[in-house]
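Report on the structure given below.
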Amino acid sequence: VVFAVVLILPALQSDGFLSRTEYHNDCMDIIENFGEMSCKLAGFGSLEDIDPKTCTLECSGHGRTKLPGGVCSNGDLNCTLFGREELRNWGQGLQTKVNQVLKAWCPGYLMK
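Residue numbers (mature numbering (1 follows the signal peptide of the UniProt record, and there is no 0)): -16 to -1, 1 to 96.
As structure tokens, then:
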């Protein structure tokens, strides 16, 4: 039994099954990476802070943009597997918008 636990426990931990902190850190990384993009696309400047109570990003220039639905609940980040996937989809959507703007305004722009 001890041998099985020694083999299985690290595998479970690496997938995040036992660590809510890992999911939270992943979500924060995604929000920080794409939050800046969200603020700038909305015309507000840089990402300043995250407000989980209102599920918004606080941007410079006194602007706010919303985080995707399902990411916040009860005044906190809902950083589950599903919340993380919502953030990834949100980030992909933002990147698509940036690519469309660059393609329209910069004819020589090649999307990655």
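Even glycine gets a Cβ: it sits at the ideal position worked out from N, Cα and C.
Identity of the residue in the options nearest residue i by Cα
{"i": "Thr49", "options": "Asn58, Asp60 and Gly29", "result": "Gly29"}
{"i": "Thr38", "options": "Gly59, Glu32 and Ser44", "result": "Gly59"}
{"i": "His46", "options": "Ile34, Pro52 and Leu71", "result": "Ile34"}
{"i": "Asp13", "options": "Leu71, Ser44 and Ser22", "result": "Leu71"}
{"i": "Cys11", "options": "Arg68, Leu86 and Glu20", "result": "Arg68"}
Exposure of residue i, with buried meaning 16 or more beta-carbon neighbours within 10 Å
{"i": "Cys63", "result": "buried"}
{"i": "Cys55", "result": "One detail in the question is off: residue 55 reads as Val in this sequence, not Cys. Val55 is buried by the Cβ-count criterion."}
{"i": "Leu78", "result": "buried"}
{"i": "Cys90", "result": "exposed"}
{"i": "Ser44", "result": "exposed"}
{"i": "Gly27", "result": "exposed"}
Residues near residue i by beta carbon distance below 7 Å, same chain, minus five either side
{"i": "Lys81", "result": "Leu25"}
{"i": "Phe66", "result": "Gly54"}
{"i": "Val85", "result": "none"}
{"i": "Tyr93", "result": "Leu86 and Lys87"}
{"i": "Glu32", "result": "Glu42, Cys43 and Ser44"}
Endpoints, the beta strand (DSSP E) within which residue i is located
{"i": "Gly67", "result": "Taken as a continuous stretch (DSSP letters only), Gly67 belongs to no beta strand (DSSP E), being part of the alpha helix (DSSP H) at Leu65 to Trp89."}
{"i": "Leu31", "result": "Leu31 to Asp35"}
{"i": "Gly47", "result": "Gly47 to Lys50"}
{"i": "Cys43", "result": "Thr40 to Cys43"}
Those residues which DSSP pairs with residue i across a bridge
{"i": "Ile15", "result": "Beta-bridge pairing links Ile15 to no other residue."}
{"i": "Cys61", "result": "One point to set straight first is that residue 61 is Leu, not Cys, in the sequence displayed. Leu61 pairs with Cys56."}
Contacts around residue i, its chain only, beta-carbon distance under 8 Å, and the 5 residues preceding and following it disregarded
{"i": "Pro36", "result": "Cys56, Gly59, Asp60 and Leu61"}
Own chain partners of residue i with C-beta closer than 6 Å, once the 5 adjacent residues on each side are dropped
{"i": "Trp74", "result": "Pro52"}
{"i": "Met21", "result": "Leu78"}
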